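Protein sequence lines correspond, in order, to chains A and B. Each residue of the first sequence is one higher than the one before, counting from 207 in the numbering used here. Each residue of the second sequence is one higher than the one before, counting from 576 in the numbering used here. Positions of the beta carbon are idealized from the N, C-alpha and C atoms, including for glycine. A quick note: this is a predicted structure, and the numbers were derived from the prediction, not measured.
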Amino acid sequence: MKRRLAVLGACIGLLPIQAGAQNIPADYPAGYSDMISDAKSEGSVLIYSSTESSSVLGLIERFKEIYPGIAVDFLDLNSNEVYTRLTSEMAAGVRSADLIWAGSDSVSQLVDAGMAMAYRTPELPHLIDGVVWNDMAFGVTIEPVVVVYNPRLLQDDLVPGTHGELLDLLTSKASDLRGMVGTLDPRRSAAGLAYSMADSDEDPEGTRKLIQAFGGAGTMLYSSTSSMVEKVVSGEHAIAYNVAGSTASKIAASSKGNLATAKLCDYTLHLMRTMMIPSKAEHSNAAKLFLDFTYSKEGQDILAKTPFGTVREDVENDPALAMPAECPEARRLFSPGPDRLRTFNEDARTSYLATWQKAFAGQ
Amino acid sequence: MPRLARTLIVGSTILVILVPVALIVYQSLLTGPFYDAAAAFSLDAFGTVFGDPRFWQAIGNTLFICIGMVVIAVPLGSALAFLVVRTDMPGKAWLEPVILSPMFISAIVLAFGYVVVLGPVGFVTLFYRTYIGPPFWFLYSREMILVLCGLNHIPHVYLYVAAALRNLGSDVEEAARISGAGPIKVALGVSLPLVRPAVLYATIMVFFMGFEQFGFPLVLGDPQGISVITTYLYTLAQQFGVPKYQLLAVVAVFIMAATIPLVAIQRHFLKASERYVSVKGKGSAQRVIALGRPLRWASIAFVAIWLLVAVVFPVGGIVLRSFLSAWGVGISVIDSLTLANFRDIFLLPSLQRGVINSILIATLGAAVSVGVFALIGLATHRWKSPWARALDYSILLPRAMPGLIIGLAVFWVFLFIPVLTPLRQTLFAIWIAYTIVWIAYGIRLISGALLQISPDLEEAARVAGASPGRTGADITVPLMRSGLVAAWVLLYIAFVREYATAVYLFAPGTEVLGSLMITLSSTGSISQIAALSTINIVLVAVGVFAALRIGKIHA
């Protein structure tokens, strides 16, 4: 009897580890189950995110199913608030985020400022190139930056397929399009500046001409994407340039055919929503678990059904997010890394904005 | 109230207000975040901001809007208060909650509503273009922003002036009527001059509110690049990728410095405020003034047109939008009707909590705040002391700062003052921030009501042997009850629609609706914002109707 009880006890003792172990892929490191039990004793992961929770609810719910006992506290913030909260709280030495989920620019900046914890994710071999920087910044989704237009106002044959065609459209129809075009204002929007600087890196002369053409067509300049896209749907604008693909496809789905997207075939910028574990994260094991789950086949499958594209080689992308078959090479990734720090450089900013302003005024 | 108690109350209030304000002033003089050891003293940030032509442009636009708002809102709001409180205008009973309704919703939401209705392809614009002719307005213009801001602030003036008029005995008006004055003459010659403190408070308040206008300029000024001081500040925060706190602090300090002379002017106006005592020991029922047929119709027409433009258009626009998946050229409204926007919202636990927290903080929180304000009001009531004067100036400072900045300052205070740190992630932190931001409103309303109570009544109680505390509890407080209820309603509304202040303060579990709307507006779609706004409108409407009922029962 005593022996039987002891065996039973041993089995019960083993049970949690067994249940956890079932989920651990074969190529994960040996100590992974310890990390899971550490994460469970931490009990929660606090995420500061500029990726809105409504888009990734499926991912969060599934994570909680797999790891019962780890609560996901998700704070929807904009990228400035993410930065302010994290840096202030770290300076004060109080509880702060365990995981940051923001744009690759913001995260690269935080990594550069020495605020990140290094972690080698076991999912690394399955990811496409240019996704992880220094084991500190982890791009978890990819989405194109697109042109959106209202098909009732812009005929099919006028929809631009390249930056050159967009330039032609703006110059040849400048008077018809007056007040009907929108784009982000690089002077008032960090995203607008990042897109415009990347355009200029890709094709300085072409971008200058394009900005002149925007100026010539009386383009409306916005500081926020959502109201700009809403105005394309309503027909106040016919076309808007440089819109995050996830936002565009979410709104297009409920637009009754009033919003379509176009990817430009000469090159198309691609954004990465990027994760980071702060160096002082109190629940860093839970954060690592959440990161690995996001990268896992199952996690990326879930994300591929949201407006975001995947970063795994073995997950199929939504066709709306994939580049057209005729230009597979046109993808330009906003990979986390030193390149993403340039928009934060005061001199680079000031000199680019001066050029932009002159071009928009027609010079 | 004993002198020591007064000094303690006033002193601690000033301390609570000045700590976050001082932090912002300190931050404006540094080269980096104040907690960064590498930050040095410098005036560079002032140089950067004052050297930016867009800053001065924003200042010009702000003043244009401030003055315009005063010119529109003060006369119309006072007229409306007179009509509702003192005349036999028809429909008064149901009119009050409707009059207040523009205050229910944050301006950013109303602005989205205007885009749906009065924008270049808005429903009313298209209707007008089809049946009447080219529209005479362009929604995205400075003038239109001014007009809409002005019409939107009529209720603020109304609340102040109406509260004062309610406390006014009608004997003087009757005397004027008996001597042959018409209703307009009574209003301009007797009633409104008697509530001049309230009108002046309202004027200065509306001017201040011009400085803090954010929603209308952000949404309506955005495509044309028309910026005011707050939207300049907002984009200043956005444009560097990482916020440069010293620049934000400079703009906040500038706004505060600009308000000091205004307070001086206000004090000058109110020096002899005892002259306005009008609730006297002699009881007299309030009697309303008969308007006569033509004036009745004119007043109804005036109210109807204002309500159409200031309430029906934007609220109708945003509520309609919340039930549509999309709208615009070639889309049938019937086809795109949907409940999906609301379903999406209620799938999010943070939004469910946001609704509950907003209700809690707006009902209980606002009630406690009114108690705090009443205590401060009583402490300074008829107290000629430098302390009272210092308080008068200090309470206006947090109001003068944009909500985003005072929210940031309170966030830092809770972060870096160790005693407060445990409270940081509770609703208490948000309540404190709201109370600090709205202290000027609350105290003005309460002291406006206090000033109208004649000292005879208090003196009578004292002569009869009552202690100062007892006099306050039995005489002063009951007499200012309508002022307290008005303050509670005002704060309820303010707390429910408050947004920027809590942006840095909410934590998982303490989300509030307004701040969630801000974060959604930067990334989400207008559909979600519209649905949230409709929920917000319903919440406030329910609360205001309840408050008005309570107010009536007690009166």
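B/Pro677 is classed as buried because its beta carbon has at least 16 other beta carbons within 10 Å across all chains shown. Listed in chain order, the alpha helix (DSSP H) elements of length 4 or more contained wholly in the stretch 442 to 491 of chain A are 451 to 459. Below the 8 Å Cβ cutoff, chain A contributes no neighbours of B/Ser1042, its closest Cβ being approximately 46 Å away. Per DSSP, A/Tyr428 lies in no alpha helix (DSSP H); the unbroken beta strand (DSSP E) holding it starts and ends at Met426 to Tyr428. By the Cβ rule, the stretch 920 to 927 of chain B counts as touching the stretch 249 to 266 of chain A, because three or more pairs are nearer than 8 Å. The continuous beta strand (DSSP E) containing A/Tyr254 extends over residues Ser250 to Ser255.
Of all residues in the stretch 295 to 309 of chain A, only Glu295, Ala297, Ala298 and Val300 come within less than 7 Å of chain B when Cβ atoms are compared, listed by chain position. Within chain A, the residues Glu258, Ser260, Asp282 and Ser432 have their CB atoms less than 9 Å from the CB of B/Leu1095, given in chain order.
A/Ala277: not part of any alpha helix (DSSP H); member of the beta strand (DSSP E) spanning Ala277 to Asp282, first to last residue. Between B/Val825 and B/Phe621, the beta carbon gap of about 5 Å places them in contact (Cβ cut-off 8 Å). Under DSSP, the beta-bridge partners assigned to A/Gly345 are A/Thr480. At least one beta carbon of chain B lies nearer than 8 Å to the beta carbon of A/Arg358.
Linking B/Gln602 to A/Phe420 through their CA atoms gives a straight-line distance of about 39 Å. Under the DSSP assignment, A/Val387 falls in the beta strand (DSSP E) whose first and last residues are Val387 to Leu390. Secondary structure note for B/Arg741: its alpha helix (DSSP H) is the uninterrupted segment Ile729 to Arg741. Straight-line spacing of the CA atoms in B/Thr913 and A/Ala466 works out to 21 Å. Secondary-structure assignment with DSSP links A/Ala322 through a beta bridge to A/Pro484.
Comparing alpha-carbon positions, the option among A/Tyr254, A/Ser239 and A/Ile253 lying closest to A/Ser247 turns out to be A/Ser239.
When secondary structure is reduced to three states using DSSP, B/Trp958 falls in the coil class, being assigned neither helix nor strand. Residue pairing by DSSP places A/Trp339 opposite A/Ala343 in a beta bridge.
Below 8 Å, enough C-beta pairs join the stretch 379 to 389 of chain A and the stretch 438 to 454 of chain A to call them touching: three or more. Beyond the five residues adjoining it in sequence on each side, B/Phe630 comes within less than 7 Å, by CB distance, of Val624 and Tyr807 in the same chain, given in chain order.
Apart from the 5 residues on each side of it in sequence, A/Tyr355 sits with its Cβ closer than 7 Å to the Cβ of Val365, Val438, Ala444, Ile445, Ala466 and Ala468 in its chain, given in chain order. At least 8 Å separates the beta-carbon of B/Ala937 from that of B/Ile1021. With 16 or more other Cβ atoms inside 10 Å of its own Cβ, A/Thr293 counts as buried. Going by DSSP, A/Leu416 is part of the alpha helix (DSSP H) stretching over Pro410 to Gly422. Proximity to B/Ile1018 across B/Leu618, B/Gly952 and B/Ala965 peaks at B/Gly952, based on C-alpha coordinates. Straight across, the Cα-Cα distance linking B/Leu1054 with B/Tyr735 is about 17 Å. Between the alpha carbons of B/Pro695 and B/Ile1011 lies a distance of about 40 Å. Taking 9 Å as the Cβ-Cβ cut-off, the stretch 684 to 697 of chain B approaches chain A at Phe687, Val690, Val691, Gly694, Pro695, Val696 and Gly697, given in chain order. Under the criterion of beta carbons closer than 8 Å, B/Ser1029 and B/Asn742 do not qualify as touching, at roughly 11 Å.
Against chain A, the beta carbon of B/Thr1001 has no neighbour under 9 Å; the closest one sits roughly 13 Å away. With its beta carbon less than 8 Å from one in chain A, B/Gln814 belongs to the interface. Residues of chain A with a Cβ closer than 7 Å to the Cβ of B/Phe991 are, in chain order, Ala298.
Against A/Val439, the close residues of chain B are Ala901 and Gly903, in the order they occur along the chain (beta-carbon pairs closer than 7 Å). Contact note: A/Glu442 reaches chain B through Gly694, Pro695 and Val696, using a C-beta cutoff of 7 Å and chain order.
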